[in-house]
Amino acid sequence: MYQIIYGWIASGKYKPGDTLPSQDELAKQFKVSRVTLREALFRLSALGFVSLKQGVGTEILPVDASNFMSSLPGRFLKDPIILSEFLEARLITEKSSIRLAVKKATDEDLQRIEEALNMQKQAMDNLDFEEFVKNDLAFHQQLVRAAHNSVLFKILQTIWDLLDKFTRRAISVPGNMEKGFAFHSSILQAIKERDANKAARIMHEHIKMAAETTLEFRDKEVDLQVIFSD
């Protein structure tokens with residue numbers, strides 16, 4: 001039900017100020033219980049898409065990007081749909097940015113990326129979780145900076161908080177710290193070789209590995225086959 005109603009809003013079928021059919025009508029139309037319907041509406045309300053008003057019904061709200069993004073960090077690891085959309089967005093934007101980085105990265109960019117990687121290695125050797133997370137994120141941020149595309153950088157900035165939370169979960173899985181560092185080393189080498197296809201392929205596998213192991217460890221149901229089909 002969440003996906004159906006979200007689809008109505010995203011497609012413009014229902015616009016800001018419009019009111020959805022009553023809960024009784026929707027439950028009857030889609031042959032679902034009122035409990036299932038309410039769960040979907042509460043989720044949409046928490047994300048700022050609708051307002052549940054007693055005596056009025058479910059009103060569609062104007063989408064405020066900043067409010068929407070600020071509502072996600074506390075919810076997205078618990079919500080399979082939002083988590084799926086985050087992984088899709090991350091995959092698209094990071095693969096695009098790394099292709100640009102292969103073309104545009106300067107010697108100074110490569111040095112900053114390598115510094116972040118070296119700091120990761122030091123943190124890994126010292127078993128310093130917080131420092132590893134900090135420099136893992138720094139590595140990805142330097143990759144985006146090396147793309148020299150301010151619009152793409154701004155887009156990715158909107159998911160830094162989500163990436164931080166996901167990275168913490170991913171690295172907490174036994175063995176993922178070492179795997180993540182190995183992927184980062186390979187990514188840097190591909191950039192130095194100016195091989196865009198290789199760099200994008202490694203980034204794809206890196207994000208896929210983190211998603212697979214994290215979701216298995218956290219027992220979340222997300223269709224990774226659809227997200228990572230190439």
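Its first residue numbered 1, the sequence shown is counted upward by one per residue in UniProt numbering. Yeah, the Cβ is synthetic: ideal placement off N, Cα and C, and Gly gets one too.
Ala105 is positioned such that its CB atom lies closer than 8 Å to that of Ile191.
DSSP, read as helix, strand or coil, puts Leu143 in helix. With fewer than 16 other beta carbons inside 10 angstroms of its own, Gly55 counts as exposed. Under the DSSP assignment, Thr58 falls in the beta strand (DSSP E) whose first and last residues are 57–60.
In the displayed model, Val102 falls within a helix according to three-state DSSP. When the beta-carbon positions are compared, Ala101 and Ile159 stay at least 8 Å from each other.
Around the beta carbon of Leu162, 16 or more other beta carbons sit within 10 angstroms, so the residue counts as buried.
Counting along the chain, no alpha helix (DSSP H) covers Val173, and no H or E run does either.
Short of 7 Å from the beta carbon of Ile9, and not among the five residues preceding or following it, lie these beta carbons of its own chain, in chain order: Phe49, Ile60. For Val50, the enclosing beta strand (DSSP E) stretches over residues 50–53. With 16 or more other CB atoms across the displayed protein chains lying within 10 angstroms of its CB, Val133 is buried. Residue environment analysis places Asp136 among the buried positions, since at least 16 neighbouring C-beta atoms fall within 10 angstroms of its C-beta.
Around the beta carbon of Ile92, fewer than 16 other beta carbons lie within 10 angstroms, which makes this residue exposed.
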